[in-house]
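J.: Below is one structure. I have some questions about it.
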DNA sequence: TCTGGGGTCCTAGGACCC
DNA sequence: TCTGGGGTCCTAGGACCC
């Protein structure tokens with residue numbers, strides 16, 4: 162989707178090998194998404210940008226633009242709403258539609274899907290694939306298969322499973338990732354058909370997930386659409402250009418990241434009940450700690466205070482550290498949050514201060530106001546090896 | 001040429017309560 | 001002198017998805 166949005170905004174990019182990625186001079190930048198033309202050269206999502214450049218020397222590199230994708234996403238879901246009121250987005254570019262009772266269904270599901278697809282293309286310039294099925298899991302499998310078809314649409318019924326889905330490798334199963342796929346293969350289970358035919362006791366080590374996998378592989382999917390729900394957590398993380406050796410050196414980054422999270426919370430009108438801290442060490446091992454906030458808040462210094470205490474509880478093996486992330490969890494709408502029982506006068510004034518900061522930033526940009534002791538924003542950081550003055 | 005950033009959900013163990 | 005059973009909530013880690 163990111164590549165499609167970039168090409169829709171800048172027609173000169175259309176038809177070219179294109180990659181959405183961070184700064185190519187940063188060795189840690191990776192490919193967020195690759196256009197089909199770039200994929201033809203072997204370029205893949207999550208590949209280091211330098212690798213992509215090696216495989217496809219002329220590839221165009223476009224920086225990510227979240228606001229742009231959000232704009233297209235809103236338009237996409239608006240179009241879908243015109244077909245059915247029951248639309249459940251699951252990500253920025255994917256969602257479930259309940260088409261039962263939809264007037265267009267009289268002409269048949271395939272006709273309706275073609276109509277949806279054409280309308281989306283006309284009104285958003287985005288090409289979508291559509292999977293049609295009785296339940297959401299089957300629909301997801303159908304949509305994955307539809308991507309490989311010129312018409313971009315696939316109807317998958319339970320009785321089609323054996324022919325269309327059973328021959329597929331277990332990792333194509335929505336919900337089976339690399340870890341589970343490896344375990345299954347060690348048990349001699351290689352295809353989705355193998356799961357369907359497996360003795361249920363063989364899948365016992367996977368618990369409820371194992372039984373669910375088997376039922377879905379058999380085409381039994383009567384699950385309801387996912388419920389509509391607000392966000393559960395909100396986070397920001399940063400991978401450093403160079404690993405960081407000590408908690409003290411992490412401090413300016415912690416301040417900056419907590420500030421970002423607080424800012425996003427306020428923009429979303431949310432407050433958090435707790436804070437989580439994540440460190441990733443050189444061996445790619447993650448360490449997480451979490452703890453509650455005194456009161457639900459979006460104030461950066463409150464997030465930071467908890468995050469600092471969590472940092473102090475991290476083991477020494479978390480260093481040298483390559484990544485720091487801060488999560489605000491237990492989100493609730495700021496408007497519906499009960500006022501503090503004994504509001505501190507300073508709390509009220511700090512909230513007013515932060516609202517002012519948010520307004521200034523909305524007008525002059527995130528970097529217009531910076532907390533004391535925060536790491537400088539990316540754009541103004543010294544290049545590696547530059548003068549220390 | 002090592003491996004981003006944003007999320008969700010599940011599990012196991014421990015604390016704590018009745 | 002030892003010690004049941006059920007339940008909830010919290011935490012850290014892990015798997016998975018886009």
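Residue numbers (my numbering): 162 to 550. Every residue gets a Cβ at the ideal spot worked out from N, C-alpha and C, and that includes glycine. Note that the structure is a prediction, hence the values are computed from the model and not measured.
1) Excluding the 5 residues flanking residue 222 on each side, which residues of the same chain have their C-beta closer than 6 Å to its C-beta?
2) Between residue 247 and residue 229, which are expected to be in contact by the criterion C-beta below 8 Å, what is the C-beta distance as a whole number of angstroms?
3) To which residues of the same chain is residue 442 closer than 8 Å at the C-beta, ignoring the five residues directly before and after it?
4) Measure the alpha-carbon distance for residue 515 versus residue 392 and round it to whole angstroms.
5) Do residue 440 and residue 485 come within 9 Å of each other at the CB atom, strictly closer than that value?
6) Going by Cα to Cα distance, which pick from 336, 292 and 354 is closest to residue 322?
7) Would you give the residue range spanned by the alpha helix (DSSP H) that residue 166 belongs to?
8) Return the CA-CA distance between residue 281 and residue 274, expressed in angstroms with no decimal places.
9) Which word fits residue 338, buried or exposed, when buried means at least 16 other C-beta atoms lie within 10 angstroms of its C-beta?
10) Taking 9 Å as the cut-off, decide whether the C-beta atoms of residue 163 and residue 193 are in contact.
11) For residue 268 and residue 383, I'd like the C-alpha separation in whole angstroms.
12) Using DSSP with H/G/I as helix, E/B as strand and the rest coil, what is residue 449?
13) Are there three or more Cβ pairs, one per stretch, closer than 8 Å when the segment 311-331 is compared with the segment 400-419?
14) With a threshold of 16 other CB atoms inside 10 Å of the CB of residue 494, please say whether the residue is buried or exposed.
15) Drop a sphere of 10 angstroms on the beta-carbon of residue 547, count the other beta-carbons inside from all chains shown, and report buried for 16 or more, exposed for fewer.
16) Restricting to Cα atoms, I'd like to know which of 471, 376, 512 and 330 is closest to residue 349.
17) Can you confirm whether the segment 358-374 touches the segment 452-465 when touching is taken to mean that 3 or more C-beta pairs between the two stretches lie within less than 8 Å?
18) What residue from 197, 214 and 173 has the CA that sits closest to residue 190's CA?
19) Once DSSP output is grouped into helix, strand and coil, what is the label at residue 233?
20) Determine the DSSP secondary structure at residue 202, reduced to helix, strand or coil.
21) Residue 437 bridges to which residues according to DSSP?
22) Using 10 angstroms around the beta-carbon of residue 198, count the other beta-carbons present and answer buried if the total reaches 16, otherwise exposed.
23) Could you spell out where the alpha helix (DSSP H) holding residue 413 opens and where it closes?
24) So, is residue 536 buried or exposed, given that buried needs 16 or more other C-beta atoms within 10 angstroms?
25) Could you name each continuous beta strand (DSSP E) segment of 3 residues or more that falls completely within the segment 325-410, going from the start of the chain to the end?
26) Along the chain, where does the beta strand (DSSP E) that runs through residue 520 open and close?
27) Distance check for residue 400 and residue 544, CA to CA, integer angstroms please.
28) By DSSP, does residue 173 sit in helix, in strand, or in coil?
T.: Once the coordinates are examined:
1) 180, 182 and 185.
2) Residue 247 to residue 229, Cβ: 27 Å. No contact.
3) Cβ neighbours of residue 442 beyond the five flanking positions: 448, 478, 479, 480, 481, 482 and 483.
4) When rounded, the distance between both Cα atoms is 22 Å.
5) Contact: yes.
6) Residue 354 is the option with its Cα nearest to residue 322.
7) In the DSSP assignment, residue 166 falls within the alpha helix (DSSP H) that extends over 163-170.
8) Going from the Cα of residue 281 to the Cα of residue 274 covers about 11 Å.
9) With fewer than 16 other CB atoms across the displayed protein chains lying within 10 angstroms of its CB, residue 338 is exposed.
10) A contact, by the Cβ cut-off of 9 Å.
11) Near 24 Å, if we compare the C-alpha coordinates of residue 383 and residue 268.
12) Residue state, collapsed to three classes: strand.
13) When C-beta atoms of the segment 311-331 are compared with those of the segment 400-419, fewer than three pairs fall below 8 Å, so the two segments do not count as touching.
14) Exposed, since its Cβ has fewer than 16 Cβ neighbours within 10 Å.
15) Note on residue 547: pLDDT 38, under 50, position unreliable in the model; no value is reported.
16) Selected option, being the one with the closest Cα: 330.
17) Not touching, per the Cβ criterion.
18) The option with the nearest alpha carbon to residue 190 is 214.
19) Helix at residue 233.
20) Three-state DSSP puts residue 202 in coil, outside helix and strand.
21) Residue 437 is bridged by DSSP to 451 and 488.
22) Around the beta carbon of residue 198, 16 or more other beta carbons sit within 10 angstroms, so the residue counts as buried.
23) If you look at residue 413, you'll find it in the alpha helix (DSSP H) that goes 408-429.
24) By the C-beta density criterion, residue 536 is buried, having at least 16 other C-beta atoms within 10 angstroms.
25) Scanning the segment 325-410 for uninterrupted beta strand (DSSP E) segments of 3 residues or longer gives 394-405, listed from N- to C-terminal end.
26) Where residue 520 is concerned, there is no enclosing beta strand (DSSP E), although the alpha helix (DSSP H) it sits in stretches over 506-525.
27) The pLDDT assigned to residue 544 is 47, lower than 50, so where the model puts this residue is not dependable; a value taken from the coordinates is nonetheless given after this. Roughly 16 Å separates the two Cα atoms.
28) In the structure shown, residue 173 sits in a helix (DSSP, three-state: H, G or I).
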